[in-house]
Amino acid sequence: MLKDKIIRYILASAASISVLVVLLVFYFLFKESFLFAQANGIKILLGTQWKPVSFFDPSFGVLPLITGSFLVTCIAGLIAIPLGIVIAVYLAEIAGEKEKEILKPLIEILASLPSVVLGFFGLVVLAPLIQKIFNLNSGLTALTGAVLLAVMAIPTITSVSEDALRAVPALYKQASLALGASRLQTIWRVTVPAGLSGIVAAVMLGMGRVIGETMAVLMVTGNAPALTFSPTESARTMTATIASEMGEVAQGSEHYGALFWVGLILLFITFLLVAFSQRILKKYQNFKT
Amino acid sequence: MSHPNKTSFTETLCFGAMRLVTYSVVAVSLYIFLDIIFKGFPVLSWNFLTGFPSKGGSEGGILPALLGTFILVSGTIIVALPVGMATAVYLSEYARQGRWNNLLRLSIMTLAGIPSIVYGLFGLGLFVLYFNMGQSILAGCLTLACMVLPTIIVTSEEALRAVPQNLRQASLALGATKWTTIYTNVLPYALPGMLTGSIISIGRAAGETAPILLTAVAFFLPKLPQSLFDQVMALPYHLYILSTQHPDMDKVRPLQYGTALVLLLIVFAVNSLAIYLRISIRKKFRW
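Chains as they are written, first to last, in the numbering used here: chain A, 1 to 289; chain B, 1001 to 1287.
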């Protein structure tokens, strides 16, 4: 009996490590960025210029980084969300069993592609292509990054949405078909609306992945921290800024603190996305049973 | 006709368009892989795999990066596997509904959603600076371990829950204690499934760059690491450096493709192992 108790405690303490890690992540990001906020005030962060290494007048306005991330994420979403959902509907409702067995792994394999490999592909193949199509000086643009991120998000959106569509009770479809609706009408008026909450969760998970992605965007977006909304110009995201600048800053410097701030903002955005999508998925599971 | 409802022209058109979209994305996926495989394959050679990079990365092989990735991944698994599996056993067998359970689940979900670069910042703040490990293998492994932990927990828990309840009840009815029941009647059946999840996370750890960027890797090292507190080279970072920082891009292009292919092959080999394991489990246990 004693042995059982001890083992129980060991397992419980192993489980509490996860809680501890989450707390530590939040604590360290707060701690390192708090020093910066204390010294400079939060106001400085709302500036429109990110010039951390300027000798006379360094400024740490994170606005261009946030808009950079926003721009790239939005374009990626515009590409990945419709494609991901259409593919999910096709796989779940239209494709034959055999066809699906071949197609599904070929799409899901994209999810296992390391982001640095995808970034490399973007650099070598996609960037020159975009440069040619839009007649630009450089192919390293927000659009290039967004296309790569869309490639990353599609497998997530597709597989979670497809699960949601499959979970829609067959009765619903049968009822619709029995009333004389065509397959197309049944799909768009019955199946997709019934699985909508799951699809929304899928989109959020996909977008969470996109906004947190680092290496691919670091390699192909050109990294100019400018306040722009043009997809064919260079953009710099929050993730790429941290990755490219952290190596060169002194610990405890203003710049160091500012980068932790950027990390903290990023952490909050992704945390909200995950929490929200989990809520929806949970509701959805209740609905299923 | 398998379907009694009339197929209209719009329907045929719509389904055709959706098929086109699906096949186009599949084509893009295939193109990416085939491009890297065909251009990387001619570079692969014994010398490439076992040589040191020379002349600033313009020539030579990838041995230190390959070995570095191997070391980082092994270390990560040694740290993350016991913790992850223990957590999964606790969640599936011991935890009861309640606040503590909710907090645990929320934490695991949060961990799964944290961007990899934020893990890098966290590792830098905690392991590299606060614990004073410096940029080292140890700091890198610990950071990666935090990152893969949620994957291991979630997939292991699924495997544990798939073991039928009556196996547990039979053992408990015979008077076995809870732990004896888990050890003899649950774990042996769940273990292969738990390993599958862990193997998938190995693939992820091998391909990640952002967390080790700030905590473990070096641009170039003339010799192999000697201790846990040394920096290492790693395959994904090597590819990043080769393809963005090298002055003569066109000259090193073949080396870039070779490195990308090796990384891809590692991730594939690991994932195929997981898939193979999953299929063989399905054949072995049918409840």
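Every residue gets a Cβ at the ideal spot worked out from N, C-alpha and C, and that includes glycine. Computed from a predicted structure; not experimentally measured.
For B/Tyr-1119, the CB contacts under 7 Å within the same chain, skipping 5 residues up- and downstream, are Thr-1143, Cys-1146, Met-1147 and Pro-1211 in chain order. Against chain B, the beta carbon of A/Asp-4 has neighbours under 7 Å at Thr-1177, Lys-1178 and Trp-1179, listed in chain order. Bridge partners of A/Ala-235 according to DSSP: A/Gly-222.
For B/Glu-1157, the closest Cβ of chain A is not nearer than 7 Å. A/Ser-33 sits in a helix when the DSSP states are folded into three classes. When Cβ pairs closer than 8 Å are counted between the two stretches, the stretch 1213-1231 of chain B is seen to touch the stretch 1048-1067 of chain B, the count reaching three or more. Around the C-beta of A/Gly-195, 16 or more other C-beta atoms lie within 10 Å, and the residue is accordingly described as buried. Spatial neighbours of B/Ile-1108 in its own chain (CB-CB distance under 6 Å, excluding positions within 5 residues in sequence) are listed in chain order as Pro-1150 and Ile-1153. For B/Ala-1065, no chain A residue has a C-beta closer than 7 Å to its own C-beta; the minimum C-beta separation is roughly 12 Å. In this structure, the straight-line span from the alpha carbon of B/Val-1232 to that of B/Pro-1225 is close to 6 Å. Take B/Val-1073, set aside five residues on each side of it, and the residues of its chain with a beta-carbon closer than 7 Å to its own are Ile-1202, Ala-1205 and Ala-1206, in chain order. Against A/Ile-94, the close residues of chain B are Phe-1015, Met-1018 and Arg-1019, in the order they occur along the chain (beta-carbon pairs closer than 8 Å). Going by DSSP, A/Ser-182 is part of no alpha helix (DSSP H) at all; its letter is neither H nor E.
The contact set of A/Ile-109 on chain B, defined by CB atoms closer than 8 Å, consists of Ser-1029 and Phe-1033 in chain order.
When C-alpha distances from B/Pro-1254 are compared across B/Pro-1247, B/Ala-1176 and B/Leu-1242, the shortest belongs to B/Leu-1242. Runs of the alpha helix (DSSP H) lying entirely within the stretch 1055-1095 of chain B, each at least 4 residues long, are 1063-1089 in chain order. Secondary structure at B/Val-1232: strand, using DSSP grouped into helix, strand and coil.
Taking C-beta atoms as the reference points, A/Phe-268 and A/Leu-71 fail to come closer than 7 Å. Look at the stretch 230-254 of chain A: the residues with a C-beta under 8 Å from a C-beta of chain B are Thr-239, Ile-242, Ala-243, Met-246, Gly-247 and Gln-251.
The continuous alpha helix (DSSP H) containing A/Glu-108 extends over residues 97-108. Using a Cβ-Cβ cut-off of 7 Å, A/Thr-144 does not count as an interface residue toward chain B, since no Cβ of chain B sits closer than that to its own. Put simply, the backbone Cα of B/Leu-1104 is about 50 Å away from that of B/Asp-1248. Within the stretch 119-155 of chain A, the complete alpha helix (DSSP H) segments at least 4 residues long are 127-134, listed from N- to C-terminus. Across the set B/Lys-1251, B/Ile-1200, B/Ala-1017 and B/Pro-1188, the C-alpha of B/Ile-1200 shows the shortest separation from the C-alpha of B/Tyr-1276.
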